[in-house]
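Contents: one structure, followed by commentary.
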Amino acid sequence: MCNLKTFVIASTIAMCSVGAVAQEDNSIEGGYLTESQELGYKPYPYNFIQLQGGFGSTFTDVSCFKLLSPTYSIGIGRMFSPIVGARVHVNGWKSKGGFDEFIYTGSALVAPATPKVLKYDFTYINSNVDLMVNVFNIFSQKVHRPFDLYFIGGLGLNYAWHNNDFENIVSQYQVGSNIINAWGNEQNLRHNLLSHNLRLGLLADVNISKHLSAGVEVDFNSLDDRFNSKYKDADDWMMTAQLSLTYKFGFRDAPKPAPKPVVAPPVVAKPVEPAPVVAPKPVETPAPKPVVVDEPLKETIFYAIRESDANRESIVNKVAEWCKKYPNKKITIDGYADKGTGNPKLNVGYAQKRADKIAALLKEKGVPASQMTVKSYGDSVQPFPENDKNRCVIIEGK
78 MCNLKTFVIA
88 STIAMCSVGA
98 VAQEDNSIEG
108 GYLTESQELG
118 YKPYPYNFIQ
128 LQGGFGSTFT
138 DVSCFKLLSP
148 TYSIGIGRMF
158 SPIVGARVHV
168 NGWKSKGGFD
178 EFIYTGSALV
188 APATPKVLKY
198 DFTYINSNVD
208 LMVNVFNIFS
218 QKVHRPFDLY
228 FIGGLGLNYA
238 WHNNDFENIV
248 SQYQVGSNII
258 NAWGNEQNLR
268 HNLLSHNLRL
278 GLLADVNISK
288 HLSAGVEVDF
298 NSLDDRFNSK
308 YKDADDWMMT
318 AQLSLTYKFG
328 FRDAPKPAPK
338 PVVAPPVVAK
348 PVEPAPVVAP
358 KPVETPAPKP
368 VVVDEPLKET
378 IFYAIRESDA
388 NRESIVNKVA
398 EWCKKYPNKK
408 ITIDGYADKG
418 TGNPKLNVGY
428 AQKRADKIAA
438 LLKEKGVPAS
448 QMTVKSYGDS
458 VQPFPENDKN
468 RCVIIEGK
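Going by my numbering, the first residue of the sequence shown is number 78, and it counts up by one from there.
Written out as structure tokens, the structure reads:
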């Protein structure tokens, strides 16, 4: 395409302009800080999805009203600031072209007084990158209003195909001698065309809610001279008028207002009356608490072979007195047997009987069972190196 280089350069300049203006968002944001707090969210920036539908027509030597055809669009974009946004926009469906029917008089083609308009259809699709400028927000500090007006300027590519109706009309009717299919040549008839698309337009939008708006967009698209299959030594123009429905999302939360400073009421100093002089009370020195010194308790009662009912009255009395003196402490009564006699099974029984007997004697002396822990180790533990001494009961106070 002869305009491809121009298109690439212009697209680059447009996108750089969008980025540069988007950087200025901070300078505008302070102007609608209060407005955002009232709304509960920041109205800018936001993302959007746009659906459109309406009619389009090309401008030729035939009235554009006779060439109306349906068209549909979808757009995805972002408003970077209250003023500047951008979108990727795809538009297309059907378009029409036409020319007048001539009458052959035998020597020349003559246009009748009321010529018949011969129309043909073809299919197209436009893909554009559009710059969007909110015209109202350029001149107003109030950036959120019921109605917005956007200037649209875009660059893109157009692809058209399927103009078979053109060839059918030329073959069946008398047409001007200058009418040729601009999509083909004598050697090869082409059925499609890729060309540039330059766009200017306006979008009038009504804000229905936070996320939804509806409006009308009118665009004028400049395309390659061959777009409508006819040459006229100038770019073809196509106008589209569409109803628009836009869904907005990705809003930011409103900034929280700064807390108001709390002004304390002035403090009025009251006259201070002298406090009455009170004579100090004599300090009473508390009597020292008696120091209780714990007396350790550890007694051992030894037994002869297989003896478990030995009466060790003096030791039992001593232990009973200690338990009465320290009621919050506990005693352990551990029974043992020597390994030198008997066997482990019998020795466990002997040791248990010895410990139980001492516990029973202490109960008779008034020692509660809750203060005693009775256990038999049999011959599994030997507290003394001499074999015969291990036939014993060891009582400890803790």
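A virtual CB, placed ideally from N, CA and C, is assigned to each residue, including glycine.
Source: prediction; values computed, not measured.
DSSP on Trp170, reduced to helix/strand/coil? strand
Can you check which of these residues, Gly169, Lys196, Ile151, Met156, is closest to Asp138 by C-alpha distance? Lys196
Could you tell me whether the Cβ atoms of Tyr427 and Cys469 are closer together than 8 angstroms? no
Endpoints, beta strand (DSSP E) assigned at Ala43: There is simply no residue 43 to check, as the chain begins at 78 and stops at 475 in what is shown.
Inter-residue Cα distance where the pair is Met92 and Ser204: Note that Met92 has pLDDT 42, beneath the 50 cutoff, so the model's placement of it is unreliable and no number is given.
Supposed close pair Ile410, Cys400 - CB separation, criterion 8 angstroms: Not really, about 11 angstroms apart at Cβ, beyond 8 angstroms.
I need the boundaries of the beta strand (DSSP E) containing Ile215, first residue and last residue. Ile215 -> not in any beta strand (DSSP E); alpha helix (DSSP H) instead, spanning 212-216.
Label Leu232 either buried or exposed according to how many other C-beta atoms from any shown protein chain fall within 10 Å of its C-beta, with 16 as the threshold for buried. buried
Taking contact to mean 3 or more Cβ pairs, one atom from each stretch, closer than 8 angstroms, check whether the stretch 312-331 and the stretch 133-149 are in contact. yes
What three-state label does DSSP hand Asn103 in the structure shown? Since pLDDT at Asn103 reaches only 38, below the 50 mark, its modelled position is unreliable, and the value read off the structure follows with that caveat. Of the three classes helix, strand and coil, the one that applies to Asn103 here is helix, per DSSP.
Residue environment, Asp73, which counts as buried when at least 16 other CB atoms sit within 10 Å: Residue numbering for the chain in the displayed model covers 78 to 475; residue 73 lies beyond these limits and cannot be assessed.
Taking buried to mean at least 16 other C-beta atoms within 10 Å of its own C-beta, is Arg222 buried or exposed? exposed
Mark Thr148 as exposed unless 16 or more other C-beta atoms lie within 10 angstroms of its C-beta, in which case mark it buried. buried
Do Asp282 and Ser290 have their C-beta atoms closer together than 8 angstroms? yes
What's the call for Tyr227, buried or exposed, on a 16-neighbour Cβ count within 10 Å? buried
Once you ignore the five residues that flank Lys416 on each side, which residues in its own chain have a CB closer than 8 angstroms to its CB? Asn424, Asp456, Gln459, Asn464, Asn467
Starting from Gln429 and walking both ways along the alpha helix (DSSP H), at which residues does that stretch end? 421-441
Pick from Arg431, Gln429, Glu398, Ile151: whose alpha carbon is nearest that of Gly169? Ile151
Going by the DSSP bridge assignment, what does Gln127 pair with across the sheet? Gly152, Thr323
Sequence-distant residues of the same chain with beta carbon closer than 6 angstroms to Asn103, five excluded per side: Low per-residue confidence applies at Asn103: pLDDT is 38, beneath 50, and the placement is therefore not dependable, though the value from the model is reported in the following sentence. The answer is none, since no qualifying residue turns up.
C-beta contact flag for Val210 and Val161 at 8 angstroms: yes
Determine the direct distance from the alpha carbon of Ala237 to that of Leu271, and round the result to whole angstroms. 7 angstroms
Using a 10 Å radius around the Cβ and a threshold of 16 neighbouring Cβ atoms, would you call Asn241 buried or exposed? exposed
Could you pull the start and end residues of the beta strand (DSSP E) that Ser260 belongs to? In the sequence under discussion, the amino acid at residue 260 is Trp, which differs from the Ser named in the question. Taken as a continuous stretch (DSSP letters only), Trp260 belongs to no beta strand (DSSP E), as it is neither H nor E.
Per DSSP, what kind of secondary structure is Thr137 in: helix, strand or coil? coil
Sort Met156, Gln114, Gln129, Glu115 by Cα distance to Tyr121 and report the nearest one. Met156
What separation, rounded to the nearest whole angstrom, lies between the Cα atoms of Arg276 and Gly117? 36 angstroms
Could you give the DSSP three-state label for Thr362: helix, strand or coil? coil
Could you tell me if Ile472 is buried or exposed, where buried requires 16 or more neighbouring beta carbons within 10 angstroms of its beta carbon? buried
Smallest Cα separation from Asn284: which of Tyr324, Asn245, Ala259? Tyr324
In the structure shown, what three-state DSSP assignment does Leu145 receive? coil
Could you tell me the alpha carbon to alpha carbon distance between Phe461 and Ala364, rounded to whole angstroms? 48 angstroms
How about Lys287 and Glu112: are their beta carbons less than 8 angstroms apart? no
Express the C-alpha separation of Val167 and Gly130 in angstroms, rounding to a whole number. 12 angstroms
With a threshold of 7 angstroms, establish whether the CB of Glu350 neighbours any heavy atom of the ligand NAD. Ligands in the displayed structure: none, and consequently the ligand NAD is not present.
Here's the rule: buried if 16 or more other CB atoms are within 10 angstroms of the residue's CB, otherwise exposed. What is Val396? buried
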